[in-house]
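>
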Amino acid sequence: MKKRIAAILTAIIMIAMPETALAEDFTADLTEKSGYSAEELAAGLKGNLVDLAAEFVAAEEKYGVNAAFLAGLAALESGWGKHCFRPNNFFGWGKKSFETAEEGIDFVAGKISAYYLSADGKYYHGVSLSDVNISYNGSREWMEKVGGIMGNISKKAE
1 MKKRIAAILT AIIMIAMPET ALAEDFTADL TEKSGYSAEE LAAGLKGNLV DLAAEFVAAE
61 EKYGVNAAFL AGLAALESGW GKHCFRPNNF FGWGKKSFET AEEGIDFVAG KISAYYLSAD
121 GKYYHGVSLS DVNISYNGSR EWMEKVGGIM GNISKKAE
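Going by our numbering, the first residue of the sequence shown is number 1, and it counts up by one from there.
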């Protein structure tokens, strides 16, 4: 039942994001820095995530996880920050609540870095979106949506 509700909510969120395009390349290294300043990244964001650009960039600096990927993941999972099932949990990461948005972004970035993007991580398959998807979600649709959002963020941020 929970999976069915999650699928319905994801479909509703994606309908609200009609500009989402499919990314051409799912092999880009998610440990490469985006190179965006907070102001540049904010130009690629919308909704409640715009004001969090600095937190995504700070997490990129601290953990080495691409800020456009983090923002794209948060955008997909929360409908651009509009739907958090737990306070300040824009990623839908477990049943965790956070005191602040910064704390939530920092926590999830650290977990993605340690579990998915580090060679000794328990879910490591490589450093691309395609590699992360193997254990993170497993759905090609999820990967295409996150990649598409990342592409849209990058177009507007440059």
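Backbone N, C-alpha and C fix where the C-beta goes; we use that ideal spot for every residue, glycine too.
Of all the options Thr27, Phe26 and Ser34, which has the alpha carbon lying nearest to the alpha carbon of lysine 155?
With distances taken between Cα atoms, lysine 155 lies closest to Ser34.
> Could you check the C-alpha separation between valine 50 and glycine 104 for me, to the nearest Å?
About 15 Å.
> With H, G and I counted as helix, E and B as strand and the rest as coil, what does DSSP make of alanine 23?
Below a pLDDT of 50, predicted positions are generally treated as unreliable, and alanine 23, at 42, falls in that range; no measurement from the model is reported.
> Got a sec: is the Cβ-Cβ distance from isoleucine 112 to anything in chain B below 9 Å?
As a matter of chain content, chain B is missing from the structure shown, which is built from one protein chain.
> Measuring CA to CA, which of Glu55, Ala42, Glu141 and Glu40 is closest to valine 108?
Selected option, being the one with the closest Cα: Glu55.
> Nearest-angstrom Cα distance between aspartate 131 and methionine 143?
Answer to the nearest angstrom: the Cα atoms are 10 Å apart.
> Measure the CB-CB distance between asparagine 88 and threonine 100 and report whether it falls below 9 Å.
Yes. Within cutoff.
> Could you name the residues that DSSP lists as bridge partners for aspartate 29?
DSSP, once it has assigned bridges, lists Ser128 as partnering aspartate 29.
> For glutamate 40, which of Ala68, Phe85, Gly64 and Phe26 has the nearest alpha-carbon?
Of Ala68, Phe85, Gly64 and Phe26, the residue nearest in Cα terms is Ala68.
> Which of helix, strand or coil does DSSP assign to serine 118?
Correct three-state label for serine 118: coil.
> Which of helix, strand or coil does DSSP assign to tyrosine 63?
DSSP places tyrosine 63 in helix when its eight states are reduced to three.
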